[in-house]
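**Student:**
Residue numbers (our numbering): 229 to 580.
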């Protein structure tokens, strides 16, 4: 089948590109084989991650860090099949607006029905104290359902409505704790500096590490300050350096198992601070952890055709590989050959 993917489209590396590749290979047995392998791998990894997360949650409950009887607000399921990221984002905003009436009839002040975008503006009894209310939108779902793309589109749409938007991820908090734990290990006199989770991740140490993390406004913006064990830095400034160092990357899974509860509470507190300041917070993550952030705006993205999860991931891998292989002036024929070479190579790597 002749390739119609232009270099401009390939270079976008977005949902439009992956959709074009899926359509290009809709009759290809090789692509179907790769997509099936990718889909099975994603679902297996999601199940494993969910098991590990739940283990961490159970540890947190046993330690009394989080309430074992906590019940989150209901989630609204959205089938993203056949929808663009913009359509999914608009659906989320529309549903949030429709839900507002039952969510704002409380509090001692007067809650007006004035809607800004899809959300309500809170008005106090003194009109001079009017301030836009912050909101928290939670997005979860299996890998491959488009959570990241949806969050990016929501951010863009809300910012066009002149809203201040922050995308929050717990990943940097886990990395910060891991950095502190690794640094603690290096400072022990009876240690060779290697990471020892049993010694580093005691209840007392974790409480101490959490005290070394402060969320607030620093240098004119919201950030997390790491201060302790000789470290004095801001997450926004080291997220791609110190927090990506090998001693952090290789030990995150171990530390995360011990600190689910602590990170959940830290995130919930940080998000509430921004929410109270009139900021719209977009929170993407696993249901097991985002459950503990209070908000009525909860959405689970799903695909009624689960084969698309593997197709999307396969297309993402193929378009990234092919873009690296072609020059900026490549025509559709050259791009087509690069795509076929990438597909053949990836299929050959699948274990029988």
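Where is the CB? At the ideal position from N, CA and C, for every residue including glycine.
Computed from a predicted model, the values in this text were never measured in an experiment.
With distances taken Cα to Cα, identify the nearest neighbour of residue 560 among 248, 462, 489.
**Tutor:** Comparing Cα positions, the closest option is 248.
**Student:** Buried or exposed: which applies to residue 299, given that a residue is buried once 16 or more other Cβ atoms fall within 10 Å of its Cβ?
**Tutor:** By the neighbour-count rule (16 or more Cβ atoms within 10 Å), residue 299 is not buried but exposed.
**Student:** According to DSSP, is residue 452 helix, strand or coil?
**Tutor:** Looking at residue 452 - three-state DSSP - the assignment turns out to be strand.
**Student:** Can you tell me whether residue 540 is buried or exposed, with buried defined as 16 or more other CB within 10 angstroms of its CB?
**Tutor:** Buried.
**Student:** What first and last residue would you give for the beta strand (DSSP E) that runs through residue 423?
**Tutor:** Note, residue 423: premise wrong, no beta strand (DSSP E); not H, not E.
**Student:** Going by DSSP, what residues sit across from residue 509 in a beta bridge?
**Tutor:** BP columns for residue 509 point to 364, 394.
**Student:** Roughly how far, in whole angstroms, is the beta-carbon of residue 557 from the beta-carbon of residue 291, given that I think they are within contact range, below 8 angstroms?
**Tutor:** Going by Cβ atoms, the distance from residue 557 to residue 291 rounds to 59 angstroms, so no, they are not a contact pair.
**Student:** Looking at residue 524 and residue 327, is the spacing between their C-beta atoms short of 8 angstroms?
**Tutor:** In this structure, residue 524 lies closer than 8 angstroms to residue 327 by Cβ.
**Student:** Beta carbon of residue 377, beta carbon of residue 243: below 8 angstroms?
**Tutor:** Contact flag set, yes.
**Student:** Give the secondary structure of residue 308 by DSSP, where H, G and I count as helix, E and B as strand, and everything else as coil.
**Tutor:** The answer is coil: DSSP assigns residue 308 none of H, G, I, E or B.
**Student:** Output needed for residue 317: all residues of its chain with C-beta closer than 7 angstroms, excluding positions within five of it in sequence on either side, in chain order.
**Tutor:** Closer than 7 angstroms at Cβ, skipping near neighbours: 378, 381, 382, 385.
**Student:** May I ask which residues mark the beginning and end of the beta strand (DSSP E) holding residue 528?
**Tutor:** Segment 525 to 530, the beta strand (DSSP E) holding residue 528.
**Student:** Tell me which same chain residues have a C-beta within less than 8 angstroms of the C-beta of residue 169, skipping the five on either side of it?
**Tutor:** Examination of residue 169 is not possible in this model, given that the chain is present from 229 through 580 alone.
**Student:** Kindly indicate which residue of 253, 421, 400 has the alpha-carbon position closest to the one of residue 481.
**Tutor:** Residue 400 is the option with its Cα nearest to residue 481.
**Student:** Leaving out the 5 sequence neighbours to the left and right, which residues in its chain are closer than 6 angstroms to residue 314 when beta-carbon positions are compared?
**Tutor:** Only 381 meet the Cβ criterion.
**Student:** Tell me which same chain residues have a C-beta within less than 6 angstroms of the C-beta of residue 285, skipping the five on either side of it?
**Tutor:** Hits under 6 angstroms: 488, 516.
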